[in-house]
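Residue 183 in this note's numbering sits at position 183 of the sequence shown, and the numbers go up by one each step.
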Amino acid sequence: AMTGGRTVSAAVDAAVPGDGAGWDALFDRFYPVVLRFAMARLGDRSAAEEVTQEVFVAAVASIRSLRERREPAVEAWFLRIARFKIVDRFRRGRRPDLEVPGDLVAADDPAEAATLRMEAAEVRRAMERLTDEQREILVRRFVLDQSLEQVAEATGRPVGAVKSMQHRALAALSRRLGRREAA
């Protein structure tokens with residue numbers, strides 16, 4: 001288990017160049033935190049899981065801009081992305097019956113919105129350079145919002161295999177994005 005700020009920063013350092021183990025460590029540490037945050041605001045487990053997945057895709061796109069890599073800062077960064085994604089979901093009217101929770105209104109930062117939009121375009125370009133198999137997994141998971149179980153069924157693979165392919169695909173995506181920036 002990850003304890004203390006040092007190991008989180010080591011995981012971030014590993015994740016930036018696209019190391020799968022670094023992403024696994026971050027996923028294990030922050031997935032439950034982001035999921036709880038989203039659950040508290042959306043009150044719906046499947047919507048909260050979707051948002052949490054979106055947060056990790058956005059994190060892959062922008063992790064190299066993360067300057068402060070100690071645990072509290074990394075957690076705050078994940079929750080900032082989550083807040084943005086939740087506001088975005090309310091705005092797209094997936095849940096028109098709900099008021100945007102008060103603590104989310106402040107998340108409407110135009111600079112952050114522009115950055116996330118720009119990153120989305122970069123992610124699309126990087127996705128084109130993944131293997132067909134990796135691209136399919138990521139598209140099914142994060143574009144079509146399919147659960148691990150649905151992807152497993154659609155691709156005829158066990159859930160565990162889909163999960164590890166997803167981690168590998170995210171790591172590969174992270175490497176592509178990193179290389180492009182270094183070029």
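Even for Gly, the Cβ is constructed at its ideal location relative to N, Cα and C.
Can you list, in chain order, the residues of its chain with a C-beta nearer than 7 Å to that of residue i? Leave out the 5 residues immediately preceding and following it.
i       : result
Glu-49  : Leu-35
Pro-158 : Ala-152
Asp-19  : Ala-171
Ala-14  : Ala-21 and Gly-22
Quick check on the DSSP output: the alpha helix (DSSP H) that includes residue i runs from which residue to which?
i       : result
Ile-188 : With the chain running from 1 to 183 in the structure shown, residue 188 is simply not present.
Asp-24  : 20-42
Leu-130 : Premise fails: Leu-130 is in no alpha helix (DSSP H) and is neither H nor E.
Arg-80  : 71-91
Val-16  : From DSSP, Val-16 is part of no alpha helix (DSSP H); its letter is neither H nor E.
Quick one: Cα of residue i to Cα of residue j, how far?
i       : j       : result
Gln-150 : Leu-138 : 13 Å
Val-8   : Thr-52  : 19 Å
Glu-128 : Phe-37  : 32 Å
Arg-135 : Phe-142 : 10 Å
Pro-32  : Ala-121 : 28 Å
Phe-90  : Glu-71  : 29 Å
Ala-61  : Glu-54  : 11 Å
Ala-25  : Ile-81  : 18 Å
Asp-44  : Arg-124 : 28 Å
Glu-68  : Arg-83  : 19 Å
With distance defined between alpha-carbon atoms, name the residue in the options nearest to residue i.
i       : options                            : result
Phe-56  : Ala-73, Leu-79 and Ala-40          : Leu-79
Arg-175 : Ala-10, Ile-63, Ala-25 and Ala-121 : Ile-63
Ala-21  : Ala-11, Ala-58 and Phe-30          : Ala-11
Ala-126 : Ala-172, Arg-89, Arg-91 and Glu-54 : Ala-172
Ala-47  : Gly-156, Thr-131 and Ile-86        : Ile-86
Phe-27  : Ala-59, Leu-42, Gly-43 and Thr-131 : Ala-59
Within a Cβ cutoff of 8 Å, which residues of the same chain sit near residue i, ignoring the five residues on either side of it in sequence?
i       : result
Leu-148 : Arg-141, Val-159, Val-162, Lys-163 and Gln-166
Phe-30  : Val-74, Glu-75 and Phe-78
Arg-168 : Gly-20 and Gln-134
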